[in-house]
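Step one of this worksheet: look at the structure below.
Right, here's the structure in full:
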């Protein structure tokens, strides 16, 4: 008895050990980590290999546990248990087991039993009082069992055991019946059931099963009224493609094909799950009643099978619905119909994104349909709309497709801005969708986009002039964005294609900016739009100059296109009136340009491109109606003859030509245009090493001009007036305190006009600015009061109030009106003069900035020339005197760059003794400049300038260092004895440091 009891205890201990291992495996099968689930499945399957000879009891218990695990509510349990079950069924029943009594029929019974839900089959709680925790638990348990049945059926089909020769066909039909019953009773599971059946059709095809297996599926699709459902369509299409010889039930679909063109209306209603009565008396299946944020798998099945070609069915030709027709009817007129719900439109956007991401280029180009684009615009335009986030995601999907496939930009832009879209798509949606796509477009795509934009410029589709002007401005902005994008980031295509695209864009601008063809454009292009387009030409050229791509070629192509268009008249009437004299100058300029182009191809000179650019930009100014450009053409022709003319001309002195060229570049630099600034810099860089003393003096004179109305009139030879005289007498403090657009700060520590006395005067004027403004206002109020015969409330408080009560006659009223008119006229004149002062100050600040840019180029190119030393004093004075902090800092930067470059052999060389006297005079002037009070940057700059001049002297003759010591000594004495000297201690500190470092070289 003890032995039996001992043996019984031993067997229970062994079972307990085995159960522990299985518990761990089953626990791991429900893990959320894939690798743990797979390892557990392998561990379980390894226990049932043929060499382990598993018993029927072991197999039964394991299958019970696995089928029961499919009914678990844990997130990953169904996945893990399903994998293990599929493999276990395949391993157990694919081979014959000797003496085994457990069959596949028994396995089916276990599945059916374990997945059978208990309680109410509706899965709902009918009475509110019963809606408690127990009821909720029952509902949840029922749902778990329904899913268990679904996953169990999937495992049975995937295992292939149902299709073994030893498995009765009735087992297959039984599994199908259970699946279809589940789909019919639980509509919210219908899509999942349909997916299992859809993949089952593929399994049947892969295993080359008899047609009766498929016919059983199709028969039940019809008998359970699921044939005309999204799931039924997917299964039907798969069966039709994989089993073309199989006969299908009649009168379900026309020509037995859901994608037959005659079924498009039914297809649209079914795919959007509309439960309506069909016209032929057939019923669509009921809606699943559950909205899913994910796309139904049937959409994939349908999208992949639409065709633009001809497919054969039963030996006869029948056209299958094309993708374009399918998209228009089912998606655009179905999901995106105006009466569609937001949920269906959400599906529509999912489909749109799917085609964008996965579709062929032909399919992706056909999805920009009218209703879809309208919905996209509406949802993008307002942030609080239901589908706004989805619309934003769609917009990004389009941009991502273009980034991946730049050629897709063409159909995308056509779709958004063409017939079905809106010209102002980006403006309406407050996005840059189109702008970003055209920036990423390939050259081939741009060759399709640009003609569309040209057509929109000509005929934007707007009936009124104002809307047409807005549309044209937007399209012109897109064309400009293409130029800017390609100029800044380059192009993956060939350079020839890139240049061709740029020329094509600029030629479009030229056509509408300089010519008027009322017949081609509707409505006619306004003068304001033409002015805008001319600005777009300048902006495009500015971007190209900034990147230095085609800097000379494109501007030449532009002016040549203008000239050719004016001659041929192909674009309409030329809007610029050019007289015979100007026409002759233009003709001469083009002759020179033709010669330059020939020389440029031969690569004869680096200055040829600069001249070509200068000629082209001057001609563009002529075509823009600039009167000064006419004389510039003549001066330019003189420069060209001197620099690049025949051999006889080349031998002549080019100093006059260099001076004239500087004047031409200054005329461009003076304009408020970034394009002309960049152009003048590029051209000046080519000729900087040929600038003469007179040319440099022209640049310096601008630095020394006042930043005021008087300075502007002096620079541009304007007539003096009373305001200028007042300003020259010392009233430029108003201008000194005005802010200039784009400047950080217009104040400096000390403003000095020449010496200490003038500095004191300027400071006094600057401090009295507010008082002058107040006095001006007070004067206006006094005149106004005198005209009205009144006084301010805070003045003459004891005045007799009875005087104000007297009435005036008509003559007196007319006299008062005349006096008031004079007072206000004088006030308007004063305000206008104040504005003129502000504008003049802004112009002078801009001009000085441009000149400093040119001088920086000059220093880089000619810092070793002795002529460059002439810049030291003007730059130092500008650093000290300028009332605009930006100008002072920039002058200091140029000077610092100059002194930094001039090291070692780069220090200017004095060639004769006569030049030494001028260098000594320059050193003394710099030391005198050091005695003036100025900002901290001025003290540093003057020390650097002084040491540079000393290096020039010592470089000529080491013994001259003694004279430099004497000059520094005199400056030290001046600092000690004169109250007017403001030399900073750092001036001598820098000198001492230089002496220490240079002493060894001087002694050698």
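Numbering (our numbering), first residue to last: 15 to 1018. All residues carry an ideal CB built from backbone N, CA and C; glycine is no exception. Note that the structure is a prediction, hence the values are computed from the model and not measured.
Counting only the Cα atoms, residue 379 lies some 11 angstroms from residue 337. For residue 455, there is no enclosing alpha helix (DSSP H), as DSSP gives it neither H nor E. Secondary structure at residue 530: strand, using DSSP grouped into helix, strand and coil. Burial of residue 285 is indicated by the presence of at least 16 other C-beta atoms within 10 angstroms of its C-beta.
8 angstroms or more divides the Cβ of residue 467 from the Cβ of residue 531. Take the alpha-carbon of residue 163 and the one of residue 246: they are about 20 angstroms apart. Counting every other CB atom within 10 Å of its CB across the protein chains shown gives residue 180 a total below 16, marking it as exposed. Residue 587 has 530 as its beta-bridge partners, per DSSP. For residue 205, the number of other beta carbons within 10 angstroms of its own is at least 16, and it is reported as buried. In this model, residue 404 and residue 60 are separated by some 48 angstroms (Cα to Cα).
Classified as exposed, residue 582 has fewer than 16 neighbouring CB atoms from the shown chains inside 10 Å of its CB.
Where residue 246 is concerned, the enclosing alpha helix (DSSP H) starts and stops at 244-256. Between residue 893 and residue 952, the C-beta spacing is below 8 angstroms. Cβ neighbours of residue 99 within its own chain (closer than 6 angstroms, five residues either side excluded): 80 and 169.
Between residue 929 and residue 880, the beta carbon gap of about 7 angstroms places them in contact (Cβ cut-off 8 angstroms). With distances taken between CA atoms, residue 238 lies nearest to 207 out of 207, 946 and 220. The three-state reading of DSSP puts residue 552 in helix, counting H, G and I together. A Cβ-Cβ distance of about 5 angstroms is found for the pair residue 888 and residue 714, placing them in contact under the 8 angstroms criterion. Closest in alpha carbon position to residue 528, among 579, 212, 555 and 495, is 579.
Nearest to residue 185 by alpha-carbon distance, out of 588, 171 and 410, is 171.
At a Cβ-Cβ threshold of 8 angstroms, residue 413 and residue 447 count as neighbours. A residue is called buried once 16 or more other Cβ atoms fall within 10 Å of its Cβ, and residue 183, having fewer, is exposed. Residue 431 counts as buried, since no fewer than 16 other beta carbons sit within 10 angstroms of its beta carbon. In the DSSP annotation of this structure, residue 180 is not part of any alpha helix (DSSP H), being labelled neither H nor E. With 16 or more other CB atoms across the displayed protein chains lying within 10 angstroms of its CB, residue 855 is buried. Close CB contacts of residue 387 within its chain, under the 7 angstroms cut and outside five residues either way in sequence, are with 429, 430, 434 and 435 (chain order).
In this model, residue 534 and residue 590 are separated by some 19 angstroms (Cα to Cα).
Rounded to the nearest whole angstrom, the CA to CA distance from residue 243 to residue 198 is 12 angstroms.
In this structure, DSSP gives residue 599 a helical state, which the three-state scheme calls helix. At a Cβ-Cβ threshold of 8 angstroms, residue 626 and residue 566 count as neighbours.
Rounded to the nearest whole angstrom, the C-alpha separation of residue 718 and residue 710 is 13 angstroms. For residue 1003, the enclosing alpha helix (DSSP H) has its first and last residue at 999-1017.
Taking C-beta atoms under 8 angstroms as the contact rule, residue 346 and residue 385 qualify, at a distance of about 5 angstroms. In the same chain as residue 957, and ignoring 5 residues on each side of it, the C-beta atoms closer than 7 angstroms to its own belong to 1000, 1001 and 1004, in chain order. The shortest CA-to-CA distance from residue 220 to any of 352, 174, 366 and 368 is the one to 174. Assigned with DSSP and collapsed to three states, residue 945 falls in coil, not helix or strand.
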